[in-house]
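Asks: Residue 445 in this note's numbering sits at position 117 of the sequence shown, and the numbers go up by one each step.
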Amino acid sequence: MNSQAKGKTAELAVAKYLTRCGLPARRHVRTGTRDVADEGDIRLDTAPVTIEVKNHAQPFSQTTLINLLAKLDVQRRPGDLGLLVVKRAGAADPALWRCWLSGLDASRLLSNDPGGTQAGVWVIDPVGFTLADVVRVLILGDWAAELVNPFGDAP
Numbered sequence: 329m330n331s332q333a334k335g336k337t338a339e340l341a342v343a344k345y346l347t348r349c350g351l352p353a354r355r356h357v358r359t360g361t362r363d364v365a366d367e368g369d370i371r372l373d374t375a376p377v378t379i380e381v382k383n384h385a386q387p388f389s390q391t392t393l394i395n396l397l398a399k400l401d402v403q404r405r406p407g408d409l410g411l412l413v414v415k416r417a418g419a420a421d422p423a424l425w426r427c428w429l430s431g432l433d434a435s436r437l438l439s440n441d442p443g444g445t446q447a448g449v450w451v452i453d454p455v456g457f458t459l460a461d462v463v464r465v466l467i468l469g470d471w472a473a474e475l476v477n478p479f480g481d482a483p
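(1) For the alpha helix (DSSP H) holding N440, just list the boundary residues, first then last.
(2) Among the candidates D441, A341 and R348, whose CA atom is the shortest distance from the CA of A419?
(3) In angstroms, rounded to a whole number, what distance separates the CA positions of R437 and V463?
(4) Output the boundary residues of the alpha helix (DSSP H) element that contains G469.
(5) In the DSSP output, what is T378 paired with across the bridge?
(6) Quick check on the DSSP output: the beta strand (DSSP E) that includes A419 runs from which residue to which?
(7) Under 8 angstroms by Cβ, that's how I've got I379 and R354 pegged, so tell me the actual separation to the nearest angstrom.
(8) Run through DSSP, which three-state label would N395 get?
(9) Got a sec, what are the start and stop residues for the alpha helix (DSSP H) G335 sits in?
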């Protein structure tokens with residue numbers, strides 16, 4: 329399987345996992361151009377989150393993680409939390425994959441600040457969690473809007 333197919337498979341796995349957890353997600357397949365930045369791989373429909381997914385056999389170096397998070401900072405929508413999800417070798421379940429955030433976004437996530445009003449917080453080092461841990465905080469905090477059923481009382 330080529331790297332593009334591996335990436336698409338990883339993106340679909342993350343989107344399905346998030347949706348099963350109650351955070352409807354969709355792959356954002358529009359890629360950037362020379363003049364317009366890519367906009368991330370996955371968007372959540374009910375939370376201000378942009379996700380970039382990487383399927384990489386070896387762990388990334390600290391410098392590579394910092395560079396990938398800086399690129400994600402440009403790609404995400406204003407105010408969005410930026411998540412870099414990296415498939416772990418030998419782990420098929422996306423819940424166990426590494427989820428990296430910038431220091432600022434980790435602070436926003438853990439202080440339950442979806443509006444992004446924290447000022448003056450800057451940590452250069454990436455902060456890593458499992459995707460399951462980040463999903464738990466998103467659901468338990470004020471990050472996800474309640475889903476509205478457009479069909480009234482229908483289940």
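Glycine included, each C-beta is placed from N, C-alpha and C at the ideal position.
Replies: If we stick to the structure as given:
(1) In the sequence shown, the residue the question calls residue 440 occupies position 112. Where N440 is concerned, there is no enclosing alpha helix (DSSP H), given that its DSSP letter is neither H nor E.
(2) In the sequence shown, residue 419 corresponds to position 91, counting from 1. Checked all of D441, A341 and R348; the closest Cα to A419 is A341.
(3) Numbered from 1 along the sequence shown, position 109 holds the residue referred to as residue 437. Numbered from 1 along the sequence shown, position 135 holds the residue referred to as residue 463. The question names Arg, but residue 437 is Leu in the sequence shown. So the alpha carbons of these two residues sit roughly 10 angstroms apart.
(4) Locating residue 469 in the sequence shown gives position 141, counting from the first residue. Neither: G469 is in no alpha helix (DSSP H) and is coded neither H nor E.
(5) One-based indexing of the sequence shown puts residue 378 at position 50. Answer is R371 and G410.
(6) Numbered from its first residue, the sequence shown carries residue 419 at position 91. First-last for A419: undefined, no H or E at that position.
(7) Translated into the one-based positions of the sequence shown, residue 379 becomes position 51. Translated into the one-based positions of the sequence shown, residue 354 becomes position 26. Between I379 and R354 a beta carbon distance of about 11 angstroms is seen, past the 8 angstroms cut, so the two are scored as non-contacting.
(8) Position 67 of the sequence shown holds residue 395. In this structure, N395 counts as helix in the three-state DSSP scheme.
(9) By one-based count along the sequence shown, residue 335 stands at place 7. Boundaries of the alpha helix (DSSP H) harbouring G335: S331 to R348, taken from the DSSP string.
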